[in-house]
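The opening position of the sequence shown corresponds to residue 15 in the working numbering, with each subsequent residue numbered one higher. Glycine residues also receive a C-beta, built at the ideal position from the N, C-alpha and C atoms. Computed from a prediction, not measured in an experiment: that's the story for all the values here. One structure is given below, encoded as structure tokens.
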Amino acid sequence: MSYPKHLFVSFIVFTLLVAVYQTNAQSTKEVFFNAGAAIPSKPEVFSDYWKMGFNVGGGVGFSISKNTTLSGSIDYSSFGIDEDGVLKSNGLSNIGVSISGGTASILTIMGNAKILLTSDASNIAPYIVGGLGFFNISSNDIKIAYMGDVDVLEGSSELAFSLLLGAGFQFPIGNSSIFLEGNYHIGFTEGSSTAFFPIKVGLRMKI
């Protein structure tokens, strides 16, 4: 599902306006960085033919109350194709067929709200998080080789609106905190939505 570029620009401008407002309001600000695993979920072809990959990202946040933080984040996830799984499911194992390429990647730009579920942030604090934004999924060409012949399935790229829901825990360390977070992230791609589970470990630092 493709969207006009002006919608994407409008989202970025809105995020920047929120950031400026929160800065002027002298709210507590933070930057965060995270890395971890990413597990493909849907559609079925995505979960069956691509392996668990990695996720990296980061962003900035602004507290609007003691328990609520708004943030903007960018995350990148990459998934390698499961060559053995593709060959077995199509009856092509052990006959000299090989597959290469086909790496899938997902880039997300999100506006999020995090709500602490405790009033005491000085201890281990559970929280929930939700967000809206944009989701770009792309894949490299897939090369299928057999007895010297090579066929190529062209890669693709698609931009879609997205939704994120998740929960986590944060552990205070001085003026910073370490967090562990799991998300269900869905992009409303054309035909069938695309979803995956990022599991993140990260660091938040107040600025």
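Apart from the five residues on each side of it in sequence, which residues of its chain come closer than 8 Å, Cβ to Cβ, to residue i?
i, result
"Ile156", "Ile95, Ile113, Ser114, Gly115, Gly116, Val166, Leu167, Gly169"
"Val23", "Residue placement at Val23 is flagged as unreliable, the pLDDT there being 49, under the threshold of 50; the coordinate-derived value follows with that caveat. Nothing listed; no residue qualifies."
"Met66", "Ala51, Ala52, Ile53, Pro54, Phe93"
So is residue i buried or exposed if we call it buried at 16+ other beta carbons inside 10 Å?
i, result
"Ser103", "exposed"
"Ile221", "exposed"
"Ser107", "exposed"
"Lys264", "No statement about residue 264 is possible, as the shown extent of the chain runs from 15 to 221 and does not include it."
"His20", "Any reading at His20 must be qualified, since the residue scores a pLDDT of 47, below 50, and its modelled position is unreliable; the value itself is stated next. It is exposed - the Cβ of His20 has fewer than 16 other Cβ atoms within 10 Å."
"Val59", "exposed"
Hey, could you find the ends of the beta strand (DSSP E) residue i is sitting in?
i, result
"Gly46", "Position check: residue 46 holds Phe in this sequence, whereas Gly was assumed. It spans 43-56 - the beta strand (DSSP E) in which Phe46 sits, taken as one unbroken run."
"Val100", "Not the beta strand (DSSP E): Val100 falls in the alpha helix (DSSP H), residues 97-103."
"Leu194", "190-201"
"Thr208", "208-220"
"Ile113", "112-115"
Got a sec? Which residues, its chain only, sit under 6 Å from residue i by beta carbon, not counting five neighbours each side?
i, result
"Gly75", "Glu44, Thr83, Ser85"
"Ser207", "Ile200"
"Lys179", "The question names Lys, yet the displayed sequence has Leu at residue 179. Taken in chain order, the residues that qualify are Gly144, Tyr198."
"Lys56", "Ala209"
Within the same chain, show all residues whose beta-carbon is closer than 7 Å to that of residue i, passing over the 5 residues directly before and after it, in chain order.
i, result
"Ser136", "Pro186"
"Gly71", "Asn48, Ser87, Ile88, Asp89, Tyr90"
"Ala174", "Met15, Phe149, Gly201, Phe202, Thr203"
Looking at the strands, I want to know which residues DSSP matches up with residue i.
i, result
"Asn69", "Gly50, Ser91"
"Thr82", "Ile129"
"Ile187", "Ser190"
**OP:** Could you pull out every unbroken beta strand (DSSP E) segment of at least 3 residues lying fully inside the stretch 122-172, listed in chain order?
**Re:** Listed in chain order, they are 139-153, 156-160, 163-167.
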